[in-house]
Amino acid sequence: MAASTQVITRFAPSPTGYLHVGGARTALFSWLMARHAGGNFLLRIEDTDIARSTAEACRQLIEDLKWLGLQWDNTQLVYQSKRQEIYNAIIADLIGRDLAYEAWETSEELVVMRGLAEKKKQPFLYRRRSYSADQVQQFKAQGRRPAIRFAMPVKEYRFGDVVLDKELVLGPAEAQDFVIRKADGMPTYHFAVVVDDSEMNISHVLRGQEHLKNTFNHIAVQEALGYRRPIYGHLPIIMNRDGSKMGKRDRDKHVRRRAHEYIKAHKSDAAAVALAAGIDAGQFAAWISDDKKQLDLGDQAAVMRAIRVDARELPEILVHDFRRNGYLPDVLLNFLALVGWSPGGDREHLTCAEMVDLFSIEGIGKSNAQFDREKLVSFNTDALARGYDEGVESNLLPALRDYLAANPASPLNDVADSDLVRLLSMKKGIRTLAEIDQLGRFFFVEDEAIVYQPEAIEKVLRKSEQQGANVLLDLLKVLEALTEWTSTTIEIAMNDYCQQKTFGLGKVAQPLRVAICGGTVSPPIFESLEFLGRARTLIRIRRCLEI
RNA sequence: GCCCCCAUCGUCUAGUGGCCCAGGACAUUCGGUUCUCAGCCGAAGAACAGGGGUUCGACUCCCCUUGGGGGUACCA
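Written out as structure tokens, the structure reads:
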């Protein structure tokens with residue numbers, strides 16, 4: 000393949016938080032495209048927003064991509080924050096050619112100017128303004144730092160979009176001088192993205208449709224710099240069930256809502272919650288009263304602890320949420336691919352290799368799509384069932400270990416592989432690995448730690464004049480008398496007992512279940528008893544009867 | 001306010017002018033299986049946003065309306 004036709008795609012996230020599913024899908028499509036064409040997929044970190052970018056977020060992002068298996072081909076990651084001199088040299092050149100210039104307005108002044116334009120029902124456009132030498136002196140004396148704006152040539156811009164399959168046009172009236180270097184000295188996204196895509200030889204840029212209008216800015220800079228233009232494709236946006244754009248903000252919104260609820264329910268106030276969370280009171284107050292503000296990851300976690308909100312109740316939108324809640328990476332990838340892309344025909348369940356093979360830009364849809372968690376659960380259930388078919392130990396055990404790594408607090412972390420395999424084999428038909436965790440925990444805690452749920456005790460043991468409890472009393476004797484303790488012998492004994500009493504099996508299974516696990520839900524009862532062992536089973540039954 | 005994109009069952013989609021009174025999957029409803037929860041098996045209902053064109057013929061092409069979404073930052 001000639002170098003000029005080589006496909007090079009990239010994923011260029013901003014490290015301001017964990018990877019969310021929208022970003023993951025963009026990465027997936029770029030990855031699929033490169034792999035399909037036998038080209039390269041590169042990773043670049045766009046950390047030019049120094050206030051919001053963190054090293055921690057960056058580490059998470061990389062871990063999430065690795066978990067998904069979206070391997071990138073550049074051994075050396077590109078960090079935009081480390082390339083300031085390169086950008087500055089190019090900007091200096093642009094200034095020298097009068098294609099860029101210093102702009103002295105503050106953000107506040109710009110907000111006022113925009114408000115004025117909207118009042119007049121006019122679009123706001125920034126075009127070059129002149130300052131007298133005196134004014135500039137004054138600005139400098141005030142300590143102002145200028146931003147650098149690109150003098151965007153006033154003309155028509157157009158480009159062909161391979162996803163939308165049409166030509167997009169920006170009229171001359173809409174050209175405006177946008178900022179390419181912020182007052183803090185960092186380049187803006189619009190500038191760095193153009194320089195780096197060119198330097199990295201990116202052939203195809205796939206990104207969300209929210210970038211559609213930005214593309215004209217990028218083209219203008221490319222033209223000024225004499226760069227080759229990559230092929231652009233703008234992906235449909237992934238939406239929530241309520242039809243709004245799916246993003247990190249949703250979690251923030253949820254936490255804010257819960258914080259308000261907490262303050263109301265506990266007759267507390269913002270300052271007290273901020274104190275409990277150990278974060279700055281002023282910052283917290285600003286966040287809780289302003290929907291547009293977002294907490295960073297660490298602060299969000301601290302606030303959640305303070306108001307006792309568990310991460311599991313947040314809407315799953317981050318790749319890490321899905322990992323933590325027991326989804327398989329390949330399932331998430333398969334499902335994500337189908338949000339906005341179709342291989343055609345009736346095919347849905349695909350391995351990564353099949354997706355690579357079948358991927359094409361033409362198969363990408365043009366319209367926004369809602370993210371349907373129920374269908375994802377169904378995909379996960381199917382994949383888990385296939386895992387059972389293909390071997391619990393080779394297939395499901397590593398997946399469960401991975402799940403546990405993301406859930407360090409689970410008691411199952413201390414359990415031997417052989418027992419995890421037994422547990423998995425006992426309970427088929429699970430939808431997520433989290434179900435194994437929840438359903439299996441009672442095996443691995445102390446007998447005294449079993450918590451008997453009041454509703455379960457009432458419904459299964461106390462109801463109908465303590466019928467359940469009486470059955471349990473009988474069963475205690477039957478089980479004590481058993482010579483051999485296997486699920487088969489237990490089942491035979493229980494069936495005998497039921498025949499004697501003309502009971503259905505449910506009449507004995509449920510009391511036993513409550514006795515050994517404290518609730519009404521567990522893996523199949525006879526195998527559970529065998530697994531738990533005679534001694535512990537009997538201890539738990541006696542303890543339950545005492546209560 | 002201004003600019004832009006999109007439009008098939010509730011949801012994700014197949015469909016590139018006649019193979020479609022529209023196919024699949026998830027969800028839903030109803031049956032069956034089962035010691036609980038799941039799972040599994042079977043069946044059913046469910047869509048081309050509306051209006052104009054073009055054409056012998058329109059889900060497919062064009063226009064308008066309506067609806068949804070995005071952007072409008074010294075965020076990316």
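Numbering (numbering that gives the first Met the number 0), first residue to last: 0 to 546.
Just so it is clear, CB atoms sit at the ideal spot from N, CA and C, and this is done for glycine as well.
Residue pairing by DSSP places Asp160 opposite Lys165 and Tyr231 in a beta bridge.
For Tyr231 and Arg9, the gap between their C-alpha atoms comes out near 12 Å. Each residue's CA atom was taken as its position, placing Gln136 and Gln175 some 26 Å apart. Of all C-beta pairs linking the segment 88-107 to the segment 140-153, three or more are shorter than 8 Å, placing the two stretches in contact.
Check the Cα spacing between Pro171 and each of Lys154, Val161, Ala182 and Val178: the tightest is with Lys154. Ser131 counts as exposed, since fewer than 16 other C-beta atoms from the protein chains shown sit within 10 angstroms of its C-beta. Between the segment 32-51 and the segment 186-193, the count of C-beta pairs closer than 8 Å reaches three or more; the two stretches touch. A residue is called buried when at least 16 other Cβ atoms come within 10 angstroms of its Cβ; Leu76 does not meet this threshold and is exposed. Using a Cβ-Cβ distance cut-off of 8 Å, the segment 329-349 and the segment 370-378 are in contact, since at least three pairs of beta carbons, one from each stretch, lie closer than that value.
Taking 9 Å as the cut-off, the beta carbon of Leu399 is found closer than this to the beta carbon of Leu423.
Cβ neighbours of Ser521 within its own chain (closer than 6 Å, five residues either side excluded): Arg512 and Ser527. Put simply, of Asp97, Ala280 and Leu357 the residue whose alpha carbon is nearest the alpha carbon of Arg127 is Asp97. With a cutoff of 9 Å on beta-carbon distance, Leu475 and Ile540 are scored as near each other. Check the Cα spacing between Asn39 and each of Leu432, Thr4 and His259: the tightest is with Thr4. For Phe40, DSSP records a beta bridge to Thr8. Ile49 carries a coil assignment under DSSP once its states are collapsed to helix, strand and coil. Boundaries of the alpha helix (DSSP H) around His217: Asn213 to Leu224.
Apart from the 5 residues on each side of it in sequence, Gly277 sits with its Cβ closer than 7 Å to the Cβ of Ala301 in its chain, given in chain order. Remark: fewer than three beta-carbon pairs, one from each stretch, lie closer than 8 Å, so the segment 492-508 and the segment 415-422 are not flagged as touching. For Val330 against His203, the beta-carbon gap comes to about 27 Å, at or over 8 Å, which does not count as contact. Excluding its 5 nearest sequence neighbours in each direction, Arg440 has C-beta neighbours in its own chain below 8 Å: Ser409, Pro410 and Leu411, listed in chain order.
Within the same chain, and ignoring the five residues on either side of Ser29 in sequence, the residues whose Cβ sits closer than 7 Å to its Cβ are Thr8, Arg9, Phe10, Phe40 and Leu205.
Of the candidates Ala284, Arg24 and Lys181, the residue whose Cα lies closest to the Cα of Asp268 is Ala284. Membership of Glu101 in the beta strand (DSSP E) is indicated by the continuous run Ala99 to Ala102.
A contact between stretches requires three or more CB pairs, one per stretch, nearer than 8 Å, and the segment 154-165 fails this requirement with the segment 56-64. If you check the CB distance, Arg250 and Ile306 do not come in under 9 Å.
Uninterrupted alpha helix (DSSP H) stretches at least 4 residues long and entirely within the segment 320-361 occur at 328-337 and 351-357, given in chain order.
About 7 Å separates the beta carbons of Leu460 and Leu471, which is inside the 8 Å limit, making them a contact pair. Take Lys212, set aside five residues on each side of it, and the residues of its chain with a beta-carbon closer than 8 Å to its own are Leu169, in chain order. Residue environment for Arg385: exposed (fewer than 16 other C-beta atoms within 10 angstroms of its C-beta). Residue pairing by DSSP puts Leu317 in a beta bridge opposite His19.
Lys462 and Tyr451 have their alpha carbons spaced roughly 15 Å apart. Taking the C-beta atoms as reference points, Val20 is found no nearer than 9 Å to Ile363.
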